[in-house]
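Please read the structure below before turning to the comments.
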Amino acid sequence: MNKQQILTLISYLSSSESDDDELIYNIIKEPVIGPKIYNFILNVVHSYSDKQFKASFRIERTTAYYIIKTFEDSTFFPQQHMYEPRQTSENYIIS
Numbered sequence: 001m002n003k004q005q006i007l008t009l010i011s012y013l014s015s016s017e018s019d020d021d022e023l024i025y026n027i028i029k030e031p032v033i034g035p036k037i038y039n040f041i042l043n044v045v046h047s048y049s050d051k052q053f054k055a056s057f058r059i060e061r062t063t064a065y066y067i068i069k070t071f072e073d074s075t076f077f078p079q080q081h082m083y084e085p086r087q088t089s090e091n092y093i094i095s
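Residues in the sequence shown are numbered consecutively from 1, following UniProt numbering.
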């Protein structure tokens with residue numbers, strides 16, 4: 001690159017349009033999928049003591065399961081999935 005091209009590039013990158021480009025990039029980029037623990041709720045969360053549960057989720061276990069039950073009984077809980085196996089209301093709320 002010559003000096004003029006570098007100056008043009010710096011000018012472009014410092015313009016407000018580059019903020020738009022960054023926003024668009026963040027919207028369309030592939031998500032990074034981190035490692036997951038298989039059956040996390042069944043294998044880990046259910047084994048938490050009430051104290052560990054509250055430390056992890058910042059809510060009492062009884063309150064969490066009240067919210068889960070309320071969500072399950074509501075119209076917001078999806079009853080059918082066309083392309084993926086059905087998730088439990090517990091999985092929607094806790095994970």
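In this text, a Cβ means the ideal position worked out from N, Cα and C, and glycines have one as well.
{"Item": "Collapsed DSSP secondary structure at residue 90 in the structure displayed", "Value": "helix"}
{"Item": "Integer Cβ distance of residue 71 from residue 61, believed to fall under 8 angstroms", "Value": "With a Cβ gap of about 16 angstroms, residue 71 and residue 61 do not count as contacting."}
{"Item": "9 angstroms Cβ cutoff met for residue 94 and residue 64", "Value": "yes"}
{"Item": "Buried or exposed by the 16-neighbour rule on C-beta atoms within 10 Å, applied to residue 45", "Value": "buried"}
{"Item": "C-beta contact flag for residue 56 and residue 66 at 9 angstroms", "Value": "no"}
{"Item": "Residue closest to residue 74, alpha-carbon to alpha-carbon, out of 89, 30, 83", "Value": "89"}
{"Item": "Extent of the continuous alpha helix (DSSP H) to which residue 66 belongs", "Value": "61–73"}
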